[in-house]
Amino acid sequence: MNKAFWLKSFFKALLLCVFCASFAYSRPPAFASTKLFLLAKDEKAYLFITEKATLRKETFEFSWTLYDGLNLVVHSKWRLYPRQIMFSRRRGLELYSQNILLARKNPYLDEVRVYIEFLSFEAGAAKFGVHVMDKSQRVGIEYYPDQEEQDEQN
9 MNKAFWLKSF
19 FKALLLCVFC
29 ASFAYSRPPA
39 FASTKLFLLA
49 KDEKAYLFIT
59 EKATLRKETF
69 EFSWTLYDGL
79 NLVVHSKWRL
89 YPRQIMFSRR
99 RGLELYSQNI
109 LLARKNPYLD
119 EVRVYIEFLS
129 FEAGAAKFGV
139 HVMDKSQRVG
149 IEYYPDQEEQ
159 DEQN
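Under my numbering, read the sequence shown as residues 9 to 162, first letter to last.
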């Protein structure tokens, strides 16, 4: 019984060390492109996404319509399919992910995703961070409106 106790304790300590080491060597994701948008109500922001293999250019758009102090309603459209997203500060739902291009072989490396992050609400305008995850560099991204001065401030 004493040997079993020490063996369990050893495995628990080993598991704790592996768990802590995984956090020590972790890092935030490396996005291919990041942009900040400050949008008034019903103002649209666009991402023009060009697939490098086919040179096909498509548009991802989003805007917001309602903010009540805790919840924000965002509308997005990709390939003519509209979506309504509810961001909520109360429940910690401040990030939305949309798959843009499906993976060919490896879902972790090949897929292209757009992340919309609700950052803050100031003076009637919502601040969003838009991040594009494209590890295999399959797309080119252009933004409209292109707000360079806001990127330098943050």
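Glycine residues also receive a C-beta, built at the ideal position from the N, C-alpha and C atoms.
Test item: CB-CB of residue i and residue j under 8 Å
i, j, result
"Y116", "S105", "no"
"H41", "V140", "According to the sequence shown, residue 41 is Ser rather than His. Closer than 8 Å, so yes."
"W86", "K49", "no"
"I57", "I108", "yes"
"L63", "K135", "no"
"A61", "P153", "no"
For residue i, the first and last residue of its enclosing beta strand (DSSP E)
i, result
"E51", "Note, E51: premise wrong, no beta strand (DSSP E); not H, not E."
"T73", "K65 to Y75"
"K85", "N79 to W86"
Close Cβ partners of residue i (< 6 Å) along its chain, the five nearest in sequence each way excluded
i, result
"L15", "none"
"L74", "V81"
"R98", "L78"
"E59", "V147"
Residues of its chain near residue i, where Cβ-Cβ distance is below 8 Å and the 5 sequence neighbours each way are ignored
i, result
"S30", "none"
Considering only residues of the region 92 to 147, which uninterrupted alpha helix (DSSP H) runs meet the minimum length of 4 residues and lie entirely inside it, listed in chain order?
115 to 118
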